[in-house]
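J.:
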Amino acid sequence: MASATYRVSANNLRPVIRDIRDLLPLFRQVTLQAVPRVYNVAADGLCNWIMDMQLSPITTLRKSADDTA
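Be aware that the sequence shown starts at 242, since it is given in our numbering, and climbs by one per residue.
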């Protein structure tokens, strides 16, 4: 497993980071990637869209062949 060093300065995010670290071993593969600040608005919109879908925890989102335009 790769190791990275990061700092969470927002106190309200510390419990979320702790929960994520606890959940990571439950997945076969996880890729975490830093998002440049310029893309934060788009990333936030995408996250909101996913949360609004209210999917079950075992749902996998995949891009269909029809979406490759």
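We put the beta carbon where it would ideally sit given N, CA and C, even for glycine.
A quick note: this is a predicted structure, and the numbers were derived from the prediction, not measured.
(1) Suppose the cutoff is 7 angstroms on Cβ atoms and the five residues either side in sequence are ignored; what does the same chain contact list for D260 look like?
(2) Going along the chain, which residues of its own chain have a beta-carbon closer than 7 angstroms to the beta-carbon of A310, five neighbours each way excluded?
(3) Pick helix, strand or coil for Y280, following the three-state DSSP scheme.
(4) CB-CB under 8 angstroms to M294, same chain, minus the five flanking residues each way: which ones, in chain order?
(5) Hey, would you say V271 sits closer than 8 angstroms to L265, going by beta carbons?
T.: The answer reads as follows:
(1) In its chain, beyond the 5 residues on either side, no residue has a beta carbon closer than 7 angstroms to the beta carbon of D260.
(2) With a pLDDT of only 49 at A310, under 50, the local geometry of the prediction cannot be trusted, and no value is derived from it.
(3) Here Y280 sits in helix by DSSP.
(4) Result list for M294: empty, nothing under 8 angstroms.
(5) In this structure, V271 sits near L265, with a CB-CB distance shorter than 8 angstroms.
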